[in-house]
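One point on numbering: in the numbering used here, the residue at position 131 of the sequence shown is 131, and numbering is uninterrupted.
For every residue, glycine included, the Cβ atom is placed at its ideal position computed from N, Cα and C.
This one's a predicted model, so the numbers in the text were calculated from it and none came from an experiment.
Please read the structure below before turning to the comments.
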Amino acid sequence: MSAVKTAVGELAALGGTPAFAQPLHVGRPNVGDREAILTGIDEALRDRWLSNDGAKLQAFEARLSERLGGLRCVATCNATLALQIALRALDVEGEVVLPALTFVATAHAVAWERLAPVFADVDPESLCMGPEEAAARIGADTGALLGVHLWGRSGDPEGLERLARERGLPLVFDAAHALGSSRGGRPLSSFGDAAVLSFHATKIANSFEGGAIVTADRELAERAQTMRNFGFVDEDEIVGLGTNAKLSEAGAVMGLASLDALDGFLAADRDNYASYSEALAGIPGVSLLAFEPPESANCHYVVIDVDPAAAGLSRDELRAVLVAENVLARRYFYPGCHRVPPYDQLPQLPLPITERVLDRCLSLPTGTAVSPEDAATVGRVVRLALSQPVAVRDALGK
Ligand code: T4K
Numbered sequence: 001m002s003a004v005k006t007a008v009g010e011l012a013a014l015g016g017t018p019a020f021a022q023p024l025h026v027g028r029p030n031v032g033d034r035e036a037i038l039t040g041i042d043e044a045l046r047d048r049w050l051s052n053d054g055a056k057l058q059a060f061e062a063r064l065s066e067r068l069g070g071l072r073c074v075a076t077c078n079a080t081l082a083l084q085i086a087l088r089a090l091d092v093e094g095e096v097v098l099p100a101l102t103f104v105a106t107a108h109a110v111a112w113e114r115l116a117p118v119f120a121d122v123d124p125e126s127l128c129m130g131p132e133e134a135a136a137r138i139g140a141d142t143g144a145l146l147g148v149h150l151w152g153r154s155g156d157p158e159g160l161e162r163l164a165r166e167r168g169l170p171l172v173f174d175a176a177h178a179l180g181s182s183r184g185g186r187p188l189s190s191f192g193d194a195a196v197l198s199f200h201a202t203k204i205a206n207s208f209e210g211g212a213i214v215t216a217d218r219e220l221a222e223r224a225q226t227m228r229n230f231g232f233v234d235e236d237e238i239v240g241l242g243t244n245a246k247l248s249e250a251g252a253v254m255g256l257a258s259l260d261a262l263d264g265f266l267a268a269d270r271d272n273y274a275s276y277s278e279a280l281a282g283i284p285g286v287s288l289l290a291f292e293p294p295e296s297a298n299c300h301y302v303v304i305d306v307d308p309a310a311a312g313l314s315r316d317e318l319r320a321v322l323v324a325e326n327v328l329a330r331r332y333f334y335p336g337c338h339r340v341p342p343y344d345q346l347p348q349l350p351l352p353i354t355e356r357v358l359d360r361c362l363s364l365p366t367g368t369a370v371s372p373e374d375a376a377t378v379g380r381v382v383r384l385a386l387s388q389p390v391a392v393r394d395a396l397g398k
């Protein structure tokens, strides 16, 4: 339950009672029909079939494929391994150009495959690596491009496809955030040679942990499918190097329930986005990341940009105000892949837009555990704090 605050002295950072009695998280899992989940897990237990291409996994892949207009879907135990498998199945060698503005898993998947990540900047509008930024980092050793649909946004996937074609490079998209997002009516995971979705607990649809490789290429899908199960194509026939990236039957049951409930999850995220949009409108120095047609985003990440000069408080000061209210806003994806080991040891070219975003962006709670009223309350806290930034900064300094 949240209380309406009207005076700056009521902010928790200034000694008031927190607006929320319980923490409001970014990434609280969406949960589908519990009954269906428990029944599905019970069926797997009854049948004593818990993993390895079981009925639930097959149903999950079929349902996902249906949702994505018939693309081939290879479900995995997480998106990080799915990225690794996609890069391997495409025989990528050498350097991989990717944005530094992403969750560290994108870079780790590249480096874990003993490929060399080369970090590119992002487009100032979309905050995704576009063809211009990627082209600036392509060199003689480039083996692939790895775009990221950051926060479910599209960027310019057609432009990256063109660039990849011109340079003869495979193109993979990290679409971990992008289930339910589309561009010009096409699901974002349909761009590139392959795209990878995440079904981690924090994503719009989850299978507890999980991921999927999505592709239109039948052979690529078959290679990926073989690689996720140690290279087996038959009971005792192994055709090459593989790993264990299988999704369990329990995970698949959860994934199925999530896909069944996806439209409801999307509606909840979009309602929260609309509520944030209204509550934050016109606050100097605060802008909500917008989604412009032909992009249609899932809105599963609500991200604000805080311009300290115009807002009067920095992103980190505003975050401290929110945390005091029990609003656990996150600095995704601070400090950036290029600034964490082992990548901070690599020679770096300047990434001005990336640096600006990493200093100013803040992710706010959303998902089905957050109501539009909660979002409005968070917006009111932001407005109140920024109405008297000097008093707030003084209080934070004490
Ligand atoms: N590419 C991109 C662009 C990604 O964002 C990710 C993952 C990947 C690739 C790799 O996908 P996977 O291999 O994971 O499938 C979380 C997730 O662990 C990670 O999956 C996700 N991105 C990333 C954006 O968020 P952390 O380090 O922020 O996790 P943590 O433990 O701080 O939890 C996040 C928030 O969610 C907290 O506020 C608590 C809340 N939470 C979390 C879990 C697991 C809950 O309320 N309940 C839960 O069960 O990475």
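Assumed close pair residue i, residue j - CB separation to whole angstroms, cut-off 8 angstroms
i, j, result
"His177", "Tyr276", "His177 to Tyr276, Cβ: 17 angstroms. No contact."
"Leu280", "Val357", "At roughly 18 angstroms, the Cβ-Cβ gap does not stay under 8 angstroms, so Leu280 and Val357 are not in contact."
"Glu133", "Val122", "6 angstroms"
"Arg137", "Val104", "The Cβ separation is near 18 angstroms, so there is no contact."
"Leu90", "Asp193", "6 angstroms"
"Leu396", "Glu317", "6 angstroms"
Near the ligand T4K: residue i beta-carbon under 7 angstroms from a heavy atom
i, result
"Pro29", "yes"
"Phe103", "yes"
"His338", "no"
"Ala120", "no"
"Thr243", "no"
"Gly264", "no"
"Thr80", "yes"
"Leu50", "no"
"Leu328", "yes"
"His300", "no"
"Val323", "no"
"Ser248", "no"
Own chain partners of residue i with C-beta closer than 7 angstroms, once the 5 adjacent residues on each side are dropped
i, result
"Gly231", "Ile238, Val239, Gly240, Leu241 and Gly242"
Helix, strand or coil at residue i [DSSP, three-state]
i, result
"Ile138", "coil"
"Ala82", "helix"
"Asn298", "coil"
"Leu169", "coil"
"Ala375", "helix"
"Ala201", "coil"
"Asn244", "strand"
"Cys361", "strand"
"Ser189", "helix"
"Ile238", "strand"
"Ala391", "helix"
"Arg114", "coil"
"Ala175", "coil"
Cβ pair residue i, residue j closer than 8 angstroms
i, j, result
"Asp271", "Pro372", "yes"
"Ala19", "Thr377", "yes"
"Gly69", "Pro187", "yes"
"Glu95", "Thr142", "yes"
"Ala252", "Leu83", "no"
"Val327", "Leu11", "no"
"Val214", "Cys73", "yes"
"Ser51", "Glu209", "no"
"Ser363", "Val323", "no"
Cutoff 6 angstroms; reference residue i; Cβ partners in own chain excluding five residues on either side
i, result
"Ser432", "The chain is shown only over 1 to 398; residue 432 falls outside these bounds and no answer can be derived."
Short CB-CB distance (under 8 angstroms) between residue i and chain C
i, result
"Ala267", "Absent from the structure: chain C. Only one protein chain is present."
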